[in-house]
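Chemist: Throughout the sequence shown, residue numbering follows the numbering used here, covering 312 to 525 in sequence.
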Amino acid sequence: MTIGVSFASGALIATLLIDRLDRPAVHTEPAVIATTGTSSPSVASRSGAVAPRATALEAAPPSMAEAISVLAKRDLEIPVRGMKRTDLRDTFNDARAIGRRHDAIDIMAPRGTEVLAVDDGTIAKLFTSKAGGLTIYQFDPTQAFSYYYAHLDRYVPGLAEHQPVRRGQLLGYVGSTGNASEDAPHLHFAIARLDTDHSWWKGDPINPYPLLSK
Ligand SMILES: [Zn+2]
Numbered sequence: 312m313t314i315g316v317s318f319a320s321g322a323l324i325a326t327l328l329i330d331r332l333d334r335p336a337v338h339t340e341p342a343v344i345a346t347t348g349t350s351s352p353s354v355a356s357r358s359g360a361v362a363p364r365a366t367a368l369e370a371a372p373p374s375m376a377e378a379i380s381v382l383a384k385r386d387l388e389i390p391v392r393g394m395k396r397t398d399l400r401d402t403f404n405d406a407r408a409i410g411r412r413h414d415a416i417d418i419m420a421p422r423g424t425e426v427l428a429v430d431d432g433t434i435a436k437l438f439t440s441k442a443g444g445l446t447i448y449q450f451d452p453t454q455a456f457s458y459y460y461a462h463l464d465r466y467v468p469g470l471a472e473h474q475p476v477r478r479g480q481l482l483g484y485v486g487s488t489g490n491a492s493e494d495a496p497h498l499h500f501a502i503a504r505l506d507t508d509h510s511w512w513k514g515d516p517i518n519p520y521p522l523l524s525k
């Protein structure tokens with residue numbers, strides 16, 4: 312694996328920040344990019360093939376507070392059918408591994424309960440990971456945010472990458488794939504503000520709880 316030593320220390324820190332529970336390891340796809348060039352990693356970095364996080368942040372929206380206020384106006388759908396806003400619990404800051412924050416909320420529901428799109432947008436990636444199991448990454452219509460649905464039992468038949476979806480559309484079903492307990496099926500739901508390169512596997516986490524429970 313060369314990506315870990317590809318960039319200056321800032322990128323190494325970025326890798327640590329990005330890599331968190333239920334997300335695929337950040338080095339998976341950039342490694343492919345890194346092997347396509349013969350130039351040194353630092354040259355590849357300057358060419359913009361892989362934007363170091365520090366650079367991405369310089370061009371990012373002005374503040375996280377502004378990004379959250381944009382989302383607050385969307386009136387996001389509860390992503391689990393039949394769940395009331397008052398039933399939700401804020402588990403965003405829970406520890407899920409040593410030194411790691413959950414950065415998501417878990418919505419407990421019987422296996423097979425319908426999982427719904429919280430917003431309009433596009434299916435950016437259908438991904439299976441060890442931690443998240445069967446997952447969906449949805450981008451919002453402005454491609455500023457990603458919505459992440461994990462531990463799914465299955466997708467709705469026909470769901471495909473690049474497919475446009477509408478708020479409230481059926482995406483899949485609650486399950487316990489990945490590292491969820493079989494006895495406690497739930498939807499692990501996360502929101503991220505995407506970096507300027509719109510990579511589905513990274514971004515800055517936003518707590519979904521205040522946006523869904525209001
Ligand atoms: Zn979770």
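All C-beta atoms, glycine included, are put in the ideal place defined by N, C-alpha and C.
Taking 7 Å as the cut-off, is the C-beta of Asp430 nearer than that to any heavy atom in ligand 1?
Modeler: Residue numbering aside, residue 430 sits at position 119 when the sequence shown is read from its first letter. When distances are taken from the beta-carbon of Asp430 to the heavy atoms of ligand 1, even the shortest one reaches 7 Å or more.
Chemist: At 3 residues or longer, what runs of the beta strand (DSSP E) sit wholly inside the segment 420 to 489?
Modeler: 425 to 427, 432 to 440, 444 to 450, 456 to 466, 481 to 485
Chemist: In terms of residue numbering, what span does the beta strand (DSSP E) encompassing Gly406 cover?
Modeler: Position 95 of the sequence shown holds residue 406. According to the sequence displayed, residue 406 carries Ala and not Gly. That run of the beta strand (DSSP E) goes 406 to 408.
Chemist: May I ask you to check if the CB of His509 is nearer than 7 Å to at least one heavy atom of ligand 1?
Modeler: To locate residue 509, count along the sequence shown from 1; it is residue 198. No, the beta carbon of His509 sits no closer than 7 Å to any heavy atom of ligand 1.
Chemist: So, with DSSP's three-state summary, where would you put Pro516?
Modeler: For the purposes of this step, residue 516 is identified with residue 205 of the sequence shown, where counting begins at 1. Residue state for Pro516 is assigned as strand, using DSSP reduced to three classes.
Chemist: Measure the alpha-carbon distance for Gly486 versus Thr446 and round it to whole angstroms.
Modeler: Residue mapping note: residue 486 aligns to position 175 of the sequence shown, counting from 1. Residue mapping note: residue 446 aligns to position 135 of the sequence shown, counting from 1. CA-to-CA, the gap between Gly486 and Thr446 works out to about 11 Å.
Chemist: Does any residue of chain C bring its CB to less than 8 Å from the CB of Ser524?
Modeler: Considering every chain present, this structure includes no chain C. It has just one protein chain.
Chemist: Since Gly483 and Tyr448 are thought to touch, with beta carbons under 8 Å apart, how far apart are those beta carbons, to the nearest angstrom?
Modeler: One-based indexing of the sequence shown puts residue 483 at position 172. One-based indexing of the sequence shown puts residue 448 at position 137. The Cβ separation is near 12 Å, so there is no contact.
Chemist: If we count the other Cβ atoms within 10 Å of its Cβ and call it buried at 16 or more, is Asp451 buried or exposed?
Modeler: As a working note, residue 451 is residue 140 in the sequence shown. It counts as buried.
Chemist: Do you know offhand how far Asp508's Cα is from His497's?
Modeler: Locating residue 508 in the sequence shown gives position 197, where the first residue counts as 1. Locating residue 497 in the sequence shown gives position 186, where the first residue counts as 1. Cα-Cα distance, rounded: 31 Å.
Chemist: So for Arg504, helix, strand or coil by DSSP?
Modeler: The count along the sequence shown starts at 1 and reaches residue 504 at position 193. The answer is strand: DSSP assigns Arg504 an E or B state.
Chemist: I need the DSSP call for Ile379, collapsed to helix, strand or coil.
Modeler: By one-based count along the sequence shown, residue 379 stands at place 68. Residue state, collapsed to three classes: helix.
Chemist: Could you work out which residue in Thr488, Asn490, Ala471, Gly489 is closest to Leu481 when comparing CA atoms only?
Modeler: For the purposes of this step, residue 481 is identified with residue 170 of the sequence shown, where counting begins at 1. Leu481 has its Cα closest to that of Ala471, out of Thr488, Asn490, Ala471, Gly489.
Chemist: Report the rounded CA-to-CA distance for Arg477 versus Ala503, giving the unit in angstroms.
Modeler: Sequence index remark: in the sequence shown, residue 477 carries index 166 (1-based). Sequence index remark: in the sequence shown, residue 503 carries index 192 (1-based). In a straight line, the C-alpha of Arg477 is about 19 Å away from that of Ala503.
Chemist: Please classify Pro468: is it buried, with 16 or more other beta-carbons within 10 angstroms of its beta-carbon, or exposed?
Modeler: Locating residue 468 in the sequence shown gives position 157, counting from the first residue. That one is exposed.
Chemist: So does Ala415 have its beta carbon nearer than 7 Å to some heavy atom of ligand 1?
Modeler: Start at 1 with the first residue of the sequence shown, and residue 415 comes out as number 104. Yes, since a heavy atom of ligand 1 falls inside the 7 Å radius drawn around the Cβ of Ala415.
Chemist: Taking C-beta to C-beta, are Met394 and Ile379 nearer than 8 Å?
Modeler: To locate residue 394, count along the sequence shown from 1; it is residue 83. To locate residue 379, count along the sequence shown from 1; it is residue 68. Cβ atoms of Met394 and Ile379: not closer than 8 Å.
Chemist: Write down the C-beta distance between Ser492 and Arg396 rounded to the nearest angstrom, noting that I regard them as a contact closer than 8 Å.
Modeler: Counting from one through the sequence shown, the residue named residue 492 turns up at place 181. Counting from one through the sequence shown, the residue named residue 396 turns up at place 85. Wrong, their Cβ atoms sit about 25 Å apart, outside the cutoff.
Chemist: In or out: Asp398 buried (at least 16 other Cβ within 10 Å) or exposed?
Modeler: Your numbering for residue 398 matches position 87 in the sequence shown. It is exposed - the Cβ of Asp398 has fewer than 16 other Cβ atoms within 10 Å.
Chemist: Can you check DSSP and say which residues form a bridge with Ile416?
Modeler: Locating residue 416 in the sequence shown gives position 105, where the first residue counts as 1. Among the bridge pairs identified by DSSP, Ile416 is matched with Phe500.
Chemist: So what's Arg385 in DSSP terms, helix, strand or just coil?
Modeler: To locate residue 385, count along the sequence shown from 1; it is residue 74. Coil, per DSSP.
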